[in-house]
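What follows is the structure, given as structure tokens:
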């Protein structure tokens, strides 16, 4: 018995001479995209294929495309969480990724540690971080951003326990965040990832009332966009959202909610910003390597290409 293809109808490989990056996401297929671009003389196809929470379909996509594309992104989940000097991996996601034997898989964790730190520094003249009330809805998967915000002097509230575990305990220091991460992550990463992060259709469901007062307190709301939207109150008038992976529909939602500015840590390509997993896979494909790059190599590419945060004014 032969399994039918997990690829979208009409899917085609990249033309000859192109690098091809495919993000396999356990998120919603409604956010699928395929864009062409040319960078440093190299033509590329960046693509996202969502599986609506179907882990077996994601595994099949990795098997089908292994060795046929230049780099995979892993979307809608994390393979690794880097907290300070330690790295933690989700057991069920490691198993999922084992289906790719040839093509490297990048989940964005390496790029978050470099690009998002750099984005905070680049945004200083625009936001003036010192004392700015900033809510990170979930910080352990963006530890680079969390540490850089703390170093910048921002007044940061880390919402990992509030939003991920449903308990009203804000974390108010980077030291506290490190302690929570090192205490909980060895246990939590043994559990199914979907217990902590919405997958498939759950990504479109909003949870009202949870932590709304923290949104009201903040001037800047930072972190994963789907997480931000999931717990956001109806009124976000005057707020700045700092995130990634946003579509035209996400911008429309933010504008209707009163958001002042949407800032993404990477530029928009074809009307949307891609996730850090796609962009990390993009850098690896561009380099021609078959593994994650070093922090210095990511920073070198960021500077060569001129990647900067993109600021979109919605309700001036």
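Residue numbers (this note's numbering): 520 to 835.
All C-beta atoms in this analysis are idealised placements derived from N, C-alpha and C, irrespective of residue type, glycine included.
As the structure is a computational prediction, the values presented were derived from the model and not from experiment.
Closest to residue i by C-alpha separation, out of the options, would be which residue?
i           : options            : result
residue 627 : 766, 831, 802      : 802
residue 635 : 786, 807, 806      : 786
residue 835 : 553, 631, 778, 549 : 778
residue 593 : 833, 606, 630      : 630
residue 745 : 530, 732, 736, 762 : 762
residue 589 : 577, 538, 819      : 538
residue 584 : 551, 540, 548      : 540
residue 530 : 546, 564, 545, 821 : 564
residue 609 : 597, 620, 812, 524 : 597
residue 828 : 639, 525, 574      : 639
residue 575 : 567, 554, 523      : 523
residue 830 : 815, 644, 747, 632 : 644
residue 775 : 624, 751, 547      : 751
residue 555 : 534, 642, 641, 780 : 534
residue 736 : 678, 710, 580      : 678
residue 525 : 578, 586, 709, 701 : 578
residue 604 : 622, 646, 698, 783 : 698
residue 686 : 648, 666, 728      : 728
residue 701 : 797, 773, 660      : 660
residue 804 : 527, 536, 528      : 536
residue 568 : 586, 548, 709      : 548
residue 732 : 582, 595, 676, 826 : 676
Span of the alpha helix (DSSP H) holding residue i?
i           : result
residue 747 : 744-750
residue 645 : 643-646
residue 578 : 574-584
residue 565 : Unbroken run through residue 565 is the beta strand (DSSP E), 561-569; no alpha helix (DSSP H).
residue 798 : 795-806
residue 695 : 693-707
residue 816 : 814-824
residue 770 : 767-775
residue 552 : Premise fails: residue 552 lies in the beta strand (DSSP E), 552-558, not in any alpha helix (DSSP H).
residue 735 : 731-736
What distance in whole Å lies between the Cβ atoms of residue j and residue i, which are believed to be in contact at a cut-off of 8 Å?
i           : j           : result
residue 612 : residue 712 : 6 Å
residue 602 : residue 662 : 5 Å
residue 704 : residue 607 : 4 Å
residue 619 : residue 591 : 6 Å
residue 632 : residue 799 : Between residue 799 and residue 632 the Cβ distance is about 10 Å, and since that is not below 8 Å, they are no contact.
Ends of the beta strand (DSSP E) at residue i?
i           : result
residue 831 : 829-832
residue 787 : It is not in any beta strand (DSSP E) - residue 787 carries neither H nor E in the DSSP assignment.
residue 600 : 599-602
residue 662 : No beta strand (DSSP E) holds residue 662; the alpha helix (DSSP H) holding it covers 662-671.
residue 675 : 674-677
residue 590 : 590-594
residue 542 : 538-544
residue 741 : 739-741
residue 920 : Outside the shown range of the chain (520 to 835) lies residue 920, about which nothing can therefore be said.
Note to self: Three or more C-beta pairs under 8 Å: does that hold for the region 728-743 against the region 649-663?
What the structure shows: Pairwise C-beta distances place the region 728-743 in contact with the region 649-663, as three or more of them are shorter than 8 Å.
Next item on the list: May I ask you to verify whether the region 768-775 touches the region 682-689, counting CB pairs closer than 8 Å and requiring at least 3?
Entry: By the Cβ rule, the region 768-775 does not count as touching the region 682-689, because fewer than three pairs are nearer than 8 Å.
Notebook entry, point to check: Does the region 611-625 touch the region 558-573, meaning 3 or more C-beta pairs lie closer than 8 Å?
Noted result: Verdict: no, contact absent.
Notebook entry, point to check: Counting Cβ pairs closer than 8 Å, one from the region 755-766 and one from the region 799-813, do we hit at least three?
Noted result: Contact between the region 755-766 and the region 799-813 is absent, because fewer than three Cβ pairs lie under 8 Å.
Note to self: Count Cβ pairs between the region 691-699 and the region 660-674 that sit closer than 8 Å; are there 3 or more?
What the structure shows: Touching, per the Cβ criterion.
Next item on the list: List in chain order: all unbroken beta strand (DSSP E) runs of 3+ residues lying wholly within the region 602-632.
Entry: Correct list: 605-608.
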